[in-house]
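In the numbering used here, the protein residues as written are 12 to 243.
Even glycine gets a Cβ: it sits at the ideal position worked out from N, Cα and C.
Predicted model, so just to flag it, every value in this text is computed and none were measured.
Next comes the structure, spelled out in structure tokens:
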């Protein structure tokens, strides 16, 4: 709907600051513990959290939890709103990962790696398994159907860095699903892409049902647009 209405209603470009960009990211409310900030089997920690560990955030509606913004397409860092403003906090195992990854890959690793020790040991094992999986995928090694699906989802979006200072929205690629990821054209030689037989496809043909898709949705042709007097 946004794409359809944009050429009709237009828009006003508003320069965004780095804080504005982070405000648009998904939010979680988390405690700041002695170990840092933990969620999704990842621990984020940094010196900026000193003095706030175990403390009440002052937000009564959230029972004293702290406002944390995260980027599912770049889980190696988060941004926590402290009294002095947003502060970036890195994942404690970020240096163990040689290649970028998304939440799709992380969720897959969490499913296949069984927990056998403490939380800290399990997180370290997850990081090692993640790095090994990313290296296998990057090396074009043979992956299972599930693994290829995971990598296809992950590679469907290119990570855009959070900008520093003010940015011009006209210079930033359009985000997907309200997040800083954009879809890139798939590489036909990429072995991690799912097979064509793995997914059902809907083909709009030239028969009597042409121009319609299941569910009754109508696809307008150029001729339809010219004849519709209600369209601008």
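| Asked | Found |
| --- | --- |
| Give the straight-line distance between the Cα atoms of residue 129 and residue 135, rounded to the nearest whole angstrom. | 10 Å |
| Helix, strand or coil: how does DSSP classify residue 76 here? | coil |
| Considering only DSSP beta bridges, list what residue 100 is partnered with. | 89 |
| With residue 156 as the anchor, note down where its beta strand (DSSP E) starts and where it stops. | Residue 156 -> not in any beta strand (DSSP E); alpha helix (DSSP H) instead, spanning 156–166. |
| When you compare the CB positions of residue 153 and residue 115, do they come within less than 8 Å of one another, or not? | no |
| For the beta strand (DSSP E) containing residue 120, name the first residue and the last one. | Note, residue 120: premise wrong, no beta strand (DSSP E); alpha helix (DSSP H) at 114–123. |
| Please report the straight-line C-alpha distance between residue 247 and residue 46, rounded to a whole angstrom. | The chain is shown from 12 up to 243; residue 247 falls before or after that span and cannot be answered. |
| Would you decide whether residue 79 is buried or exposed? Buried here means 16 or more other CB atoms lie within 10 Å of its CB. | buried |
| What residue range is occupied by the uninterrupted beta strand (DSSP E) comprising residue 38? | 38–41 |
| Can you grab the Cα-Cα spacing for the pair residue 141 / residue 108, in whole Å? | 7 Å |
| Taking 8 Å as the cut-off, does the stretch 80–97 touch the stretch 32–45 (at least 3 CB pairs, one atom from each stretch)? | yes |
| Leaving aside the five residues before and after residue 67 along the sequence, list all residues of the same chain whose C-beta is less than 8 Å from its C-beta, in chain order. | 75 |
| Express the C-alpha separation of residue 86 and residue 146 in angstroms, rounding to a whole number. | 17 Å |
| In terms of residue numbering, what span does the beta strand (DSSP E) encompassing residue 1 cover? | In the structure as shown, the chain begins at 12 and stops at 243. Residue 1 is therefore absent and cannot be evaluated. |
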